[in-house]
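Visitor: The sequence shown begins at 752 in the numbering used here and counts up one residue at a time. Structure in structure tokens, see below.
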Amino acid sequence: MNNQEFVFKKLQVKDIERDPNQPRRDFGTDGDENRLLLSIEEYGIEQPIVVNKTKEGRYIILDGHRRYICAQKLNFTEVPCRVYSNLSPAEFESRRYEIQNNRRPWKPLERSEAIRRIKDYLKLDTNKEVADHLHMSETAAANSLQLGKEKWDHLELMAKYELSEAYQVEFVRLKPKIRRIKDLEVDDIIKRLFEKVQHKTIRSAKDFRKLGRIFLRATANEAEIYRFLTNPDMTISELEQRTIQSGFSLLIEQLIQKVTAKRKEGVAFSSQEKTFLAQLHTLLTKAL
């Protein structure tokens, strides 16, 4: 793949096609006063557009969509290109990822789609294989791929509230821990959390981690979590102070959760468990 040959040549604009599978969605070419358009109008295209010549004789853009769009707006008939021939889908995706990542960092959702396509085309089974291929950490690869599996309405919300990549990664980790709190459904809670990020009452992505730990004890903390979600000015630090539990109360809550889970699943208690529960019942009867 590294030794793939290419040639430099001018191509007719009409013979070049934009890649319909391009992960980038925002090329920043709207309006007649964008900087790139003005530069190309005055100096021409100084950096060749990178294309792949397919077996059908078409030229698909690998890198340079912004330059190509500007050339169309300026009614150019030909543009300078760096031309590869018959790149395989895996070669195309991998080369595009590296070129565009070095030129302008991917937005989180764009990166997620690009990495997923590389994983699919190369038939990579594990996140480690993906990470090794792209020279990134396994955690970064896993987080990026997981982001692409999120519900589309959640992805739209993240874009609407302009959540940074750090927030998006931590949200992916937090979401499985979120559950209904009183009359607030999970989707209502997610929207309120994003609003708190926007209004800076959630002040860093790490606050999502703290919130995850609090949601793990949601049964005991329900009233305070509800207050946090319905009070736009309440911070994570305030919520933490209100939900601090002693080691003893945490053990009691964990016991309640385990007993409840066994009953819900219809799992019988062992004879030893029954003995301990009977002793606990006796103690509680005397204590309360």
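For each residue, glycine too, the CB sits at the ideal point set by N, CA and C.
Measuring straight from C-alpha to C-alpha, what distance separates LEU860 and ASN853?
Guide: Going by the C-alpha atoms only, they are around 17 Å apart.
Visitor: Please work out which residues of its chain come closer than 7 Å, Cβ to Cβ, to THR805, disregarding the five sequence neighbours upstream and downstream, and give them in chain order.
Guide: These residues qualify, in order along the chain: ILE811 and ASN837.
Visitor: Quick check on this structure: which residue in GLU889, HIS884 and GLU921 has the alpha carbon closest to the alpha carbon of GLU901?
Guide: With distances taken between Cα atoms, GLU901 lies closest to GLU921.
Visitor: So, ALA969 versus ILE932, is the Cβ gap smaller than 8 Å?
Guide: It is a contact, given that the beta carbons lie within the stated cut-off.
Visitor: Please classify LYS874 as buried or exposed, where buried requires at least 16 other C-beta atoms within 10 Å of its C-beta.
Guide: By the neighbour-count rule (16 or more Cβ atoms within 10 Å), LYS874 is not buried but exposed.
Visitor: Could you check if TYR794 is buried or exposed, using at least 16 other CB atoms within 10 Å of its CB as the buried criterion?
Guide: Exposed is the call here.
Visitor: Using CA coordinates, which residue listed in LEU787, GLU844, PRO983 and GLU864 is at the minimum distance from LEU825?
Guide: Answer by Cα proximity: LEU787.
Visitor: With H, G and I counted as helix, E and B as strand and the rest as coil, what does DSSP make of PRO831?
Guide: In the structure shown, PRO831 sits in a strand (DSSP, three-state: E or B).
Visitor: Nearest-angstrom Cα distance between LYS928 and PHE966?
Guide: C-alpha separation (whole angstroms): 6 Å.
Visitor: Quick one: is SER863 buried, meaning 16 or more other Cβ sit within 10 Å of its Cβ, or exposed?
Guide: Buried.
Visitor: CB-CB under 7 Å to LEU925, same chain, minus the five flanking residues each way: which ones, in chain order?
Guide: Same-chain partners within the cutoff: PHE959, LEU962 and GLY963.
Visitor: Measuring straight from C-alpha to C-alpha, what distance separates SER888 and ALA882?
Guide: Cα to Cα, SER888 sits roughly 6 Å from ALA882.
Visitor: The alpha helix (DSSP H) with ASP727 in it runs from where to where?
Guide: Because the chain in this structure spans residues 752 to 1039, residue 727 falls outside the shown range and cannot be described.
Visitor: Report back the beta-carbon spacing between ILE869 and SER845 to the nearest angstrom; my notes put them in contact at under 8 Å.
Guide: Confirmed, Cβ separation roughly 6 Å.
Visitor: Distance, Cα to Cα, GLU975 vs HIS886?
Guide: Spanning the two alpha carbons is a distance of roughly 43 Å.
Visitor: So, are the CB atoms of LYS942 and LEU908 less than 8 Å apart?
Guide: Cβ atoms of LYS942 and LEU908: closer than 8 Å.
Visitor: Is the stretch 938-958 touching the stretch 913-920 in the sense that three or more CB pairs, one from each, lie closer than 8 Å?
Guide: Taking 8 Å as the limit for Cβ pairs, the verdict is that the stretch 938-958 does touch the stretch 913-920.
Visitor: Less than 8 Å between the beta carbons of VAL834 and ALA822, yes or no?
Guide: No, Cβ-Cβ distance for VAL834 and ALA822 is not below 8 Å.
Visitor: Name the two residues that bound the continuous alpha helix (DSSP H) containing PHE1020.
Guide: Per DSSP, PHE1020 belongs to no alpha helix (DSSP H) and is neither H nor E.
Visitor: What does DSSP give as the partner residue(s) for TYR810 in the beta ladder?
Guide: In DSSP, TYR810 forms a bridge with ILE767 and LYS804.
Visitor: Check each candidate in GLU807, ILE767 and ILE800 and name the one with the smallest Cα separation from ARG1061.
Guide: Here the chain covers residues 752 to 1039 and nothing more, so residue 1061 does not appear.
Visitor: For a test of the three-state rule: what should DSSP assign to ILE965, helix, strand or coil?
Guide: In this structure, ILE965 counts as helix in the three-state DSSP scheme.
Visitor: Between which two residues does the alpha helix (DSSP H) carrying ILE820 extend?
Guide: Note, ILE820: alpha helix (DSSP H), 816-824.
Visitor: Mind checking who ILE796 pairs with in its DSSP beta bridge?
Guide: Beta-bridge pairing links ILE796 to no other residue.
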